[in-house]
Amino acid sequence: MSDTSASSLDSAPAPVRRAGRRSGRKREDVLAHACLVIGERGADATRFADVSEVSGVPISTLQYYFGNREDLLLAAFRYAAQRDLDGVRAAAAALDDPWERVQKVCAFVVGFADEAAPYAWQLWVEAWRWAQRDAEWRTEVLADNAEWRGLLAETVADGVASGRFRADADPGRVARQALAMVDGIGLPIVLEDPAVPPEMARELLIDVLARLLLP
């Protein structure tokens, strides 16, 4: 092979990488718009045409990215789940007090945190519905639950080690109890139950956490 040919090959990948970055950003934008559509319409009523209208991306491009509607829905849930986890990890890392970190994590899950996406709970409800009858969705949802449990358990363990939390607090058990409370408080939030307004839901959540953790 000549030096000229080798030089041409060395320089060829550069524009491909640039295109890939643009494509990746565009795909993320599509998924963010898809999450909004799912949150408003529900997964069953979300079509390529709806996402195309909101995102401005042609249906043919959506089909190229995702293949079919079900794969688009699953990709949107994966995107939202990872975005929430990345967001709460960054927010919690900025807090030194384990008590503040636990509150931040739970508030993020419920959607009370400023950094939380507005469609978070609607997507979770849709994901749970689909996970009941689809093994791939169930695997995704359970794996995501495990990530949140691990994050909470790690934070509780830090608080126990530092003396901020009760010495008998079991990190794994408290993490499961806290998420059970979060899941339970999510239903009236999604349904906008007037008997449990958001501020009351927040107070109930913090009260349970305090009883579980504080000396």
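Count the sequence shown with full-length UniProt numbering and you get residues 1 to 215, in order.
Yeah, the Cβ is synthetic: ideal placement off N, Cα and C, and Gly gets one too.
Could you give the DSSP three-state label for residue i: helix, strand or coil?
{"i": "residue 174", "result": "helix"}
{"i": "residue 145", "result": "helix"}
{"i": "residue 94", "result": "coil"}
{"i": "residue 203", "result": "helix"}
{"i": "residue 12", "result": "With a pLDDT of only 38 at residue 12, under the threshold of 50, the placement of this residue in the model should not be trusted; the figure read from the coordinates follows. Note: residue 12 maps to coil in three-state DSSP."}
{"i": "residue 214", "result": "coil"}
{"i": "residue 69", "result": "helix"}
{"i": "residue 46", "result": "coil"}
{"i": "residue 158", "result": "helix"}
{"i": "residue 230", "result": "The displayed coordinates of the chain run from 1 to 215. Any statement about residue 230 would go beyond what the structure contains."}
{"i": "residue 180", "result": "helix"}
{"i": "residue 39", "result": "helix"}
Alpha carbon to alpha carbon, how far is residue i from residue j?
{"i": "residue 72", "j": "residue 39", "result": "14 angstroms"}
{"i": "residue 57", "j": "residue 46", "result": "15 angstroms"}
{"i": "residue 61", "j": "residue 51", "result": "11 angstroms"}
{"i": "residue 181", "j": "residue 171", "result": "15 angstroms"}
{"i": "residue 210", "j": "residue 77", "result": "31 angstroms"}
{"i": "residue 100", "j": "residue 64", "result": "44 angstroms"}
{"i": "residue 35", "j": "residue 79", "result": "9 angstroms"}
{"i": "residue 21", "j": "residue 164", "result": "Here the model assigns residue 21 a pLDDT of 42, short of 50, so the residue's position is not dependable, and the following value carries that caveat. Residue 21 and residue 164: Cα-Cα distance of roughly 44 angstroms."}
{"i": "residue 188", "j": "residue 153", "result": "26 angstroms"}
{"i": "residue 41", "j": "residue 55", "result": "15 angstroms"}
{"i": "residue 193", "j": "residue 183", "result": "15 angstroms"}
{"i": "residue 207", "j": "residue 26", "result": "42 angstroms"}
{"i": "residue 168", "j": "residue 177", "result": "15 angstroms"}
{"i": "residue 94", "j": "residue 104", "result": "11 angstroms"}
{"i": "residue 53", "j": "residue 33", "result": "10 angstroms"}
{"i": "residue 150", "j": "residue 144", "result": "10 angstroms"}
Please find out if some non-hydrogen atom of the ligand MN comes closer than 8 angstroms to the beta-carbon of residue i.
{"i": "residue 106", "result": "Among the components modelled here there is no ligand, and therefore nothing to report on the ligand MN."}
Using 10 angstroms around the beta-carbon of residue i, count the other beta-carbons present and answer buried if the total reaches 16, otherwise exposed.
{"i": "residue 190", "result": "exposed"}
{"i": "residue 201", "result": "buried"}
{"i": "residue 162", "result": "exposed"}
{"i": "residue 159", "result": "buried"}
{"i": "residue 84", "result": "buried"}
Please state if the CB of residue j and the CB of residue i are separated by a distance shorter than 9 angstroms.
{"i": "residue 88", "j": "residue 109", "result": "yes"}
{"i": "residue 37", "j": "residue 98", "result": "no"}
{"i": "residue 49", "j": "residue 59", "result": "yes"}
{"i": "residue 140", "j": "residue 90", "result": "no"}
{"i": "residue 142", "j": "residue 75", "result": "no"}
If we cut at 9 angstroms on Cβ distances, does residue i have a partner in chain B?
{"i": "residue 148", "result": "Checking the listed chains, one finds no chain B in this structure; it contains a single protein chain."}
My understanding is that residue i touches residue j, with C-beta atoms under 8 angstroms, so please give their C-beta distance in whole angstroms.
{"i": "residue 174", "j": "residue 213", "result": "7 angstroms"}
{"i": "residue 131", "j": "residue 124", "result": "That belief does not hold up - the Cβ atoms of residue 131 and residue 124 are roughly 10 angstroms apart, past 8 angstroms."}
{"i": "residue 179", "j": "residue 128", "result": "Wrong, their Cβ atoms sit about 13 angstroms apart, outside the cutoff."}
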